[in-house]
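Residue numbers for the sequence shown, in the numbering used here: 928 to 1283. Even glycine gets a Cβ: it sits at the ideal position worked out from N, Cα and C. Source: prediction; values computed, not measured.
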Amino acid sequence: MRIAQVAPLDESVPPKTYGGTERVVHYLTEELVRRGHEVTLFASGDSHTSARLVPLVDQALVQDERSQDRLPHHLLMLERVLQEAREFDLIHFHCDYLHFPLSRRTPVAMLTTLHGRLDIPDLVPLYHEFAEVPLVSISEAQRAPLAHAYWVGTVYHGLPEDLYRAREQRGDYLAMLGRISPEKGVPQAIEIATRAGLELRIAAKVDPTDQEYFEQSVRHLLERPGVKFLGEVDEAGKQELLAGALGLLFPVDWPEPFGLVMIEALACGTPVVAFRRGSVPEVIEDGVTGFVVDDIEHAVEAVKRLPELSRRDCRAAFERRFTAARMAEDYLALYDRMVKLVAAAPATELPPWGAA
928 MRIAQVAPLD ESVPPKTYGG TERVVHYLTE ELVRRGHEVT LFASGDSHTS
978 ARLVPLVDQA LVQDERSQDR LPHHLLMLER VLQEAREFDL IHFHCDYLHF
1028 PLSRRTPVAM LTTLHGRLDI PDLVPLYHEF AEVPLVSISE AQRAPLAHAY
1078 WVGTVYHGLP EDLYRAREQR GDYLAMLGRI SPEKGVPQAI EIATRAGLEL
1128 RIAAKVDPTD QEYFEQSVRH LLERPGVKFL GEVDEAGKQE LLAGALGLLF
1178 PVDWPEPFGL VMIEALACGT PVVAFRRGSV PEVIEDGVTG FVVDDIEHAV
1228 EAVKRLPELS RRDCRAAFER RFTAARMAED YLALYDRMVK LVAAAPATEL
1278 PPWGAA
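Here it is, written out as structure tokens:
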């Protein structure tokens, strides 16, 4: 199959450090190429891929100090994608909804995976207008605020099976990984670890937009005994941090669409203690691969029970549910469905997949 993957230009594919969407696009693209599909990746020029790369900017926009407005670059990318549209059997978008007006006027099979939160009132009229656009959610919880939209499937993220190695020996510290922002719950994680009497190692980036929050609400907490701030880490650092931990803390305070770090921990054999928000109950099997809790007090109790859980069971759950191979299989089934809809549509019908 001839497949186009359209990634955001904010980060490279894969990103050099933090960046969930671009990492998922990379893993999916590589797995599709491995299976013999003809894949074209529309992304930044500093991306690395086995697919044919169409670079729309020289480097990821977050790395380009000259870039003040990212929207023009994305619009130019969409124009390039649609210029080449008839070269593909299917175009898979990962850049939100910018392409909707153009895609409904293009006679090619398309699919859009939404990677962000959808509980935003401004989105409601948009998805009512574009009710025919086929969408993929990354969790059932993510799609709930827009239940009326044309959802054709839910595909959980996946990682290459050999990306991380599980360690059977249980560690003696807790880990937190990702980004420091209000919704990620860093102060809560520090409180949980402090009450549980365990060291907490935090590997996280601070975006410029979150710098003030970091300075006012987080920096002083990093001075507590038993709290170690590592900054951003690469894949090797992530492997060491997660595989060596007793457990991962994920006390998010927002409707988490998926939470890639949770399956990274499971790949390392490390169980997760997470707040019951968004996708968490779908990803974590309570009492098997971690504990799903409602507040700090219950999280502290859950941390004490982490030694009860099997690290082998955590790794086995990852291999069963969250590999890149499984993710690719799920998407290929949807690709096939969309291509058949287009093939069956009258030549004059736009969009070719019909109304939802």
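{"Item": "Residue nearest to residue 1100 in terms of C-alpha spacing, selected from 1233, 985, 1161 and 1087", "Value": "1233"}
{"Item": "Rounded separation between residue 1104 and residue 1191 - CA only", "Value": "10 Å"}
{"Item": "Close Cβ partners of residue 986 (< 8 Å) along its chain, the five nearest in sequence each way excluded", "Value": "939, 971, 972 and 973"}
{"Item": "Status (buried if at least 16 other CB within 10 Å, exposed otherwise) for residue 949", "Value": "buried"}
{"Item": "Under the three-state DSSP convention, the category residue 1111 falls into", "Value": "helix"}
{"Item": "Helix, strand or coil at residue 886 [DSSP, three-state]", "Value": "Here the chain has residues from 928 to 1283 only, and residue 886 is not among them."}
{"Item": "Buried or exposed (CB count within 10 angstroms, at least 16 for buried), residue 929", "Value": "exposed"}
{"Item": "Check whether residue 1222 and residue 1110 have beta carbons under 7 Å apart", "Value": "no"}
{"Item": "Euclidean distance between Cα positions of residue 1004 and residue 1238", "Value": "44 Å"}
{"Item": "Residue ranges of each beta strand (DSSP E) within the stretch 1040-1110, 3 or longer", "Value": "1062-1064, 1078-1081 and 1100-1106"}
{"Item": "6 Å CB neighbourhood of residue 1141 in its chain, flanking five on each side removed", "Value": "1107 and 1133"}
{"Item": "Closest Cα partner of residue 1067 within the set 1174, 1056 and 1044", "Value": "1044"}
{"Item": "Sheet register partners of residue 1037 (DSSP bridge)", "Value": "1018"}
{"Item": "Per-residue burial, residue 1019 [other beta carbons within 10 Å of its own, 16 or more giving buried]", "Value": "buried"}
{"Item": "Buried versus exposed, by CB contacts within 10 Å (16 or more), residue 1165", "Value": "buried"}
{"Item": "3-residue-minimum beta strand (DSSP E) runs that sit fully inside the stretch 1146-1193, ordered along the chain", "Value": "1154-1158 and 1174-1177"}
{"Item": "Euclidean distance between Cα positions of residue 1139 and residue 1272", "Value": "53 Å"}
{"Item": "Option nearest residue 1122 by Cα separation, candidates 1097, 1218, 1155 and 1229", "Value": "1229"}
{"Item": "Nearest residue (CA-CA) to residue 1060, options 1082, 1028, 1219 and 1236", "Value": "1028"}
{"Item": "Unbroken stretches of the alpha helix (DSSP H), 4 residues or longer, contained in the stretch 944-972", "Value": "947-961"}
{"Item": "Simplified DSSP assignment, three categories, for residue 1250", "Value": "strand"}
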